[in-house]
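Asks:
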């Protein structure tokens, strides 16, 4: 049975391939237009009861990077938009805090937080990258699973627990290759230099499946490049040690109250259905 699998890479790596699809692809249909059976991830215990924190910040200045759709990018009018932008706005509304967003280069996010140019980083900052900094993190607001992509006419019959003799394309020297070789030793795992080459191998019928990053695949599948060739099958995979590190918001070591307030707000957004609406807005083809 599939487990959960994300090991986080910096956001610039994760979303670089999405730039090729253009901003138009990211203008998702409203949530009401989506398939009601679409799977929206839930990272919060629905039975848990959480009291509103006694300390709520009056303001939150978020630090982020831009030009990384669908998380933060500029629309045709030059306005900042994206999943992280709308999520930050919704969090502030839930808390009743004033909100601002300051754009920085990825490599100077931590120094900017340190120097109090902002209060919280919302840029998919890796806990591993921040190791030793003593930062406070919210609970994860998004995890990035691995998924199988197969020819569309084979999706219904695909069994990810029975891969003996099947050819599976992966990106060479990636965590997807390491995981596939460990857990499916009877499959024929074939490494390709780039995700594009691995996807094209499935499209061309050279392999039976591709195992890779679900997020970028969710934008490739409906694109002209895929041309309707393929579909998700099985999964999602979030295996600890491979794909279990998700995206969270970071605050300074001396600011645990702000992180606690943001975690509370994230849970509230999920319970009220606001998180679902944002997810469907920017990820119309769910990667879960």
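In full-length UniProt numbering, the protein residues as written are 1 to 288. Just so you know, even glycine gets a beta-carbon here, dropped at the ideal spot from N, CA and C. Keep in mind the model is a prediction, meaning the values are calculated, not measured.
Could you compute how far the alpha carbon of residue 67 sits from the alpha carbon of residue 216?
Replies: 15 angstroms
Asks: Just verifying my parser: in three-state terms, what is the DSSP assignment at residue 229?
Replies: coil
Asks: Would the beta-carbon of residue 192 fall within 9 angstroms of that of residue 160?
Replies: no
Asks: Checking the sheet assignment: what are the DSSP bridge partners for residue 192?
Replies: 171
Asks: Quick check on this structure: which residue in 222, 229, 204 and 195 has the alpha carbon closest to the alpha carbon of residue 211?
Replies: Residue 195 is the option with its Cα nearest to residue 211.
Asks: If you measure between the beta carbons of residue 269 and residue 278, is that distance less than 9 angstroms?
Replies: yes
Asks: Would you mind working out which of 257, 247, 220 and 259 sits nearest residue 147, comparing C-alpha positions?
Replies: 220
Asks: On the DSSP bridge assignment, give the partners of residue 151 in chain order.
Replies: 230
Asks: Within this structure, are the beta carbons of residue 56 and residue 95 separated by less than 9 angstroms?
Replies: yes
Asks: When the distance is taken between beta carbons, is residue 131 closer than 9 angstroms to residue 163?
Replies: Going by C-beta atoms, residue 163 is not nearer than 9 angstroms to residue 131.
Asks: Quick one: what's got a C-beta closer than 7 angstroms to residue 103's C-beta in the same chain, skipping five residues either side?
Replies: 64, 65 and 66
Asks: Report the rounded CA-to-CA distance for residue 293 versus residue 136, giving the unit in angstroms.
Replies: The question about residue 293 has no answer here: the residues shown for the chain are numbered 1 through 288.
Asks: For residue 274, which of 115, 156, 86 and 202 has the nearest alpha-carbon?
Replies: Selected option, being the one with the closest Cα: 86.
Asks: Is residue 263 helix, strand or coil when you go by DSSP?
Replies: Secondary structure of residue 263 (DSSP, three-state): helix.
Asks: Have a look at residue 198 and residue 178 and give me their C-alpha separation to the nearest angstrom.
Replies: 15 angstroms
Asks: I'd like the span of the alpha helix (DSSP H) that includes residue 206, first residue to last.
Replies: From DSSP, residue 206 is part of no alpha helix (DSSP H); its letter is neither H nor E.
Asks: Taking all protein chains shown into account, do 16 or more other C-beta atoms lie within 10 angstroms of the C-beta of residue 235, making it buried, or fewer, making it exposed?
Replies: The C-beta of residue 235 has 16 or more other C-beta atoms within 10 Å across all chains shown, which makes the residue buried.
Asks: Using a Cβ-Cβ cutoff of less than 7 angstroms, which residues in the same chain neighbour residue 138 once the five nearest sequence positions on both sides are dropped?
Replies: 248, 249, 259, 262, 263 and 266
Asks: Taking the CB atoms as reference points, tell me whether residue 295 and residue 229 lie closer together than 9 angstroms.
Replies: Beyond the ends of the chain as shown, which are 1 and 288, falls residue 295; an answer cannot be given.
Asks: Less than 9 angstroms between the beta carbons of residue 232 and residue 183, yes or no?
Replies: no
Asks: Give a yes or no on whether the minimum CB-CB distance between residue 228 and chain C is below 9 angstroms.
Replies: Checking the listed chains, one finds no chain C in this structure; it contains a single protein chain.
Asks: Return the CA-CA distance between residue 218 and residue 127, expressed in angstroms with no decimal places.
Replies: 25 angstroms
Asks: For residue 97, which residues in the same chain have their Cβ closer than 7 angstroms to its Cβ, ignoring the five residues on either side in sequence?
Replies: 56, 57, 58, 59 and 60
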